[in-house]
Amino acid sequence: MKLQEPKYVYMGGKLRLWHEATLHVGCEAVTRSVNVFEGVKGYWQPNGPFGIVQLRRHYERLCRSARLLHIPYDSSLDKYTAAIAELANALLEPDRDMWFRTTLFAVEGYWGENTVSDLVITAYHQDQRPPDPIDLGVSTWRRSPDVSLPARIKAGSNYQVARLARIEGRARGCQDMVLLNGSGRVAESTGSCIVMARKGIIYTPPATEGTLESITLDIVEALAHSMDIPFVRRPIDRTELLIADEIALCGTLAELILVKSVDGMPLDPQAPLLRSLQDRFFRAVRNVEPHSSVDLSVVTPAPAPVSFG
Ligand code: PMP
Numbered sequence: 055m056k057l058q059e060p061k062y063v064y065m066g067g068k069l070r071l072w073h074e075a076t077l078h079v080g081c082e083a084v085t086r087s088v089n090v091f092e093g094v095k096g097y098w099q100p101n102g103p104f105g106i107v108q109l110r111r112h113y114e115r116l117c118r119s120a121r122l123l124h125i126p127y128d129s130s131l132d133k134y135t136a137a138i139a140e141l142a143n144a145l146l147e148p149d150r151d152m153w154f155r156t157t158l159f160a161v162e163g164y165w166g167e168n169t170v171s172d173l174v175i176t177a178y179h180q181d182q183r184p185p186d187p188i189d190l191g192v193s194t195w196r197r198s199p200d201v202s203l204p205a206r207i208k209a210g211s212n213y214q215v216a217r218l219a220r221i222e223g224r225a226r227g228c229q230d231m232v233l234l235n236g237s238g239r240v241a242e243s244t245g246s247c248i249v250m251a252r253k254g255i256i257y258t259p260p261a262t263e264g265t266l267e268s269i270t271l272d273i274v275e276a277l278a279h280s281m282d283i284p285f286v287r288r289p290i291d292r293t294e295l296l297i298a299d300e301i302a303l304c305g306t307l308a309e310l311i312l313v314k315s316v317d318g319m320p321l322d323p324q325a326p327l328l329r330s331l332q333d334r335f336f337r338a339v340r341n342v343e344p345h346s347s348v349d350l351s352v353v354t355p356a357p358a359p360v361s362f363g
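All residue numbers in the sequence shown are consecutive under the numbering used here, ending with 363.
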């Protein structure tokens with residue numbers, strides 16, 4: 055798979071051409087992977103506008119991640135929203151959804167002194183279709199413990215181990231991998247949370263098991279409640295996952311991806327519970343059947359000139 059290269063990137067407070075959006079080799083973002091980020095999703099709504107999901111929540115988590123890693127970020131929700139909207143306006147294509155990566159890079163500073171950050175936004179087009187079910191494996195790599203690289207925040211450096219797990223998974227024919235925590239229980243996958251269904255109940259591990267504090271999971275929990283499906287956050291043993299009735303990955307980019315096998319063992323392809331949740335999720339984020347747990351910030355595409363320079 056090749057990374058898309060859309061025409062513009064938001065960097066240094068304005069839009070730049072893709073190949074001009076570069077970082078200096080000497081900055082801590084490059085030498086020590088000092089960055090925190092958010093993946094944000096925007097969906098076309100049936101009647102025309104483009105809606106970005108849970109912007110406030112993403113902004114707040116970005117601020118929390120930055121605070122924990124001592125990356126200064128002097129901004130506001132309005133400025134964050136305006137920056138995303140500016141890039142969205144420049145790149146939107148009819149009927150194609152977009153995923154935005156909003157990253158705070160440490161562009162100046164040394165060992166945490168005099169750190170200066172820059173908000174960089176890249177965006178990628180996505181086709182509007184439900185994701186295909188995947189084969190999942192359990193990785194030999196573990197999620198980092200809270201005392202090392204805290205999984206509950208979204209730091210680029212957390213994804214070193216996810217990358218290794220993906221490489222391991224590819225050799226085993228798996229599209230994604232589960233990372234266990236230091237105690238050998240289920241933490242999350244390389245880029246999303248894990249939900250499983252057993253006997254009509256949906257389970258997911260709490261963040262204290264080594265997962266990101268997921269924004270999508272909160273939506274899915276609220277949807278499950280309104281559909282009268284019990285939803286429980288509690289630790290999950292590895293063997294419990296292997297004998298689950300249904301499994302799905304859950305996250306902003308993953309949305310809800312159904313799992314068709316785990317460590318080579320096939321799962322019920324119908325996945326009735328998680329499929330019905332997946333269906334309800336898409337109707338909510340596309341505003342076909344709104345839900346109080348889904349907050350959509352609407353970007354009305356304007357043909358206005360962009361502040362390109
Ligand atoms: N865990 C990891 C490691 C992730 O990268 C993501 C995606 N952001 C998630 C969980 C799901 O979080 P969210 O629902 O906030 O996107």
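Using N, Cα and C, we set each Cβ at its ideal position, and we do this for glycine too.
With 16 other Cβ atoms within 10 Å as the buried cut-off, status of residue i
i: residue 363; result: With a pLDDT of only 44 at residue 363, under the threshold of 50, the placement of this residue in the model should not be trusted; the figure read from the coordinates follows. Per the 10 Å Cβ criterion, exposed.
i: residue 164; result: exposed
i: residue 101; result: exposed
i: residue 342; result: exposed
i: residue 221; result: exposed
i: residue 219; result: buried
i: residue 65; result: buried
i: residue 321; result: buried
i: residue 58; result: exposed
Residues near residue i in its chain [Cβ-Cβ closer than 6 Å; skip 5 each side]
i: residue 173; result: 158
i: residue 70; result: 63
i: residue 287; result: 258 and 260
i: residue 264; result: 197, 205, 235 and 241
i: residue 162; result: 170
i: residue 418; result: Because the chain spans 55 through 363 in this model, residue 418 falls outside it and cannot be assessed.
i: residue 129; result: none
i: residue 113; result: 131 and 134
C-beta atoms of residue i and residue j nearer than 8 Å
i: residue 254; j: residue 203; result: no
i: residue 190; j: residue 313; result: yes
i: residue 350; j: residue 105; result: yes
i: residue 110; j: residue 77; result: no
i: residue 187; j: residue 323; result: yes
i: residue 185; j: residue 311; result: yes
i: residue 149; j: residue 98; result: yes
i: residue 224; j: residue 298; result: no
i: residue 256; j: residue 284; result: yes
i: residue 334; j: residue 281; result: yes
i: residue 238; j: residue 292; result: yes
Beta-ladder partner(s) of residue i, from DSSP
i: residue 189; result: 315
i: residue 93; result: 155
i: residue 178; result: 153
i: residue 172; result: 159
i: residue 350; result: 107
i: residue 209; result: 90
i: residue 98; result: 104
i: residue 230; result: 190
i: residue 134; result: Residue 134 is not bridged to any residue.
Proximity test, residue i beta-carbon vs ligand 1 heavy atom, cut-off 7 Å
i: residue 114; result: no
i: residue 269; result: yes
i: residue 305; result: yes
i: residue 163; result: no
i: residue 266; result: yes
i: residue 275; result: no
i: residue 81; result: no
i: residue 147; result: no
i: residue 117; result: no
i: residue 223; result: no
i: residue 208; result: yes
i: residue 330; result: no
i: residue 242; result: yes
i: residue 202; result: no
i: residue 93; result: yes
i: residue 228; result: no
i: residue 246; result: yes
Nonlocal neighbours in the same chain, by C-beta distance under 7 Å from residue i, ignoring five residues either side
i: residue 160; result: 81, 82, 83, 88, 89, 125, 169 and 171
i: residue 211; result: 87 and 203
i: residue 208; result: 90, 91, 92, 115, 119 and 266
i: residue 271; result: 247, 258 and 304
i: residue 344; result: 338
i: residue 117; result: 127
Spatial neighbours of residue i in its chain, beta-carbon cut-off 8 Å, leaving aside the 5 residues before and after
i: residue 295; result: 192, 232, 240, 248, 250, 301 and 316
i: residue 60; result: 72, 145, 176, 177, 178 and 179
i: residue 215; result: 195, 196, 197, 198 and 233
i: residue 307; result: 93, 95, 153, 245 and 246
i: residue 346; result: 276
i: residue 151; result: 95, 96, 97, 98, 179, 180, 181 and 182
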